[in-house]
Structures are given as C-alpha cells and as structure tokens.
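Asks: The structure that follows is given in the form of structure tokens.
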Amino acid sequence: MTYDIGIGVCSGIEGNTVVVSLDSAIVSKLIPNQPWRKSGTSVLRLRNSLCSTKRPPQVGDEVYLERAALTRTATATLDLLGDGEPIAVELKQLLTDLDPQPPVAMAVGKGRARRW
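Read in order, the letters of the sequence shown correspond to residues 11 to 126 in this note's numbering.
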C-alpha cells in the first residue's frame, strides 16, 4: 500500500532537515498516553528524504510523509513542549492502527426451523 500521511505544518527547512509543528493526534501516536497538547506546540525535526516526493515540504503547508519510508527505520527528534529539549522518536509508530483491517468472517449458524 502506498499513500502519504499528513503530520503537521512545515515551520522551516534547514538544509536536509524539515521542521514540523505537529498535530496533537500525531504526538499521541509518537508518545502514547501523553496528555493532549494544542496542535503546533510540539516540534518534530526529520530528514527531508522521508517526505513525500509527490508533495514536497513547503514552509506554511502540511508536511506529508511517504508511508513506505516509515516501514523502515525512520528516526526523528521531537521537542514535545517546544522548549528546546528534544528526544529521539521512531516514526514507524505513526503506522500503528493506520491501515484498515479486513472484515472478520463470522460463522453463520443454523436458523430455527419454521413450524407450519
């Protein structure tokens, strides 16, 4: 399956690094059980090569990552509070519960016989 995943707004491009103000839903996937934060508070820095080739990053626009790039090891640094204290995160976590699951086949039981 190939598609792009939107993660937040590009706030800067520094050489081969893209700086993204993250959407709060993305933060909760990267660090589960975190209290909700206003979108844009947390800042992610990642390699430009992880970004979509169809929709390359532009300052002020949504940043899209290629799903295929996240299936391999893809690390980034996350400044959770936006205070300059980055931590390493694995972007593969963004794929958790993302793909639709096929329907589960259920056994069909015998119905009751009709009485005439």
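Ideal placement from N, C-alpha and C gives every residue a C-beta, glycine not left out.
#1: Run through DSSP, which three-state label would R55 get?
#2: Given a cut-off of 8 Å on the beta-carbon distance, is the pair S49 and S38 in contact?
#3: So, helix, strand or coil for S38, using DSSP?
#4: Of all Cβ atoms in chain C, is any one closer than 8 Å to the Cβ of L32?
#5: Report the CB separation of K64 from A84 in whole angstroms; it is logged as a contact under 8 Å.
#6: Taking only the alpha-carbon atoms, compute the straight-line gap between T27 and V99 and give it to the nearest angstrom.
#7: Identify every residue that forms a DSSP beta bridge with D93.
Replies: According to the structure data:
#1: Numbered from 1 along the sequence shown, position 45 holds the residue referred to as residue 55. In the structure shown, R55 sits in a strand (DSSP, three-state: E or B).
#2: One-based indexing of the sequence shown puts residue 49 at position 39. One-based indexing of the sequence shown puts residue 38 at position 28. Contact flag unset, no.
#3: Residue mapping note: residue 38 aligns to position 28 of the sequence shown, counting from 1. Helix.
#4: In the structure shown, chain C does not exist; there is a single protein chain.
#5: Locating residue 64 in the sequence shown gives position 54, counting from the first residue. Locating residue 84 in the sequence shown gives position 74, counting from the first residue. About 18 Å; that fails the 8 Å criterion.
#6: Translated into positions along the sequence shown, residue 27 becomes position 17. Translated into positions along the sequence shown, residue 99 becomes position 89. Approximately 15 Å between the Cα atoms of the pair.
#7: Here residue 93 is taken as the residue at index 83 of the sequence shown, counted from 1. DSSP lists no partner for D93.
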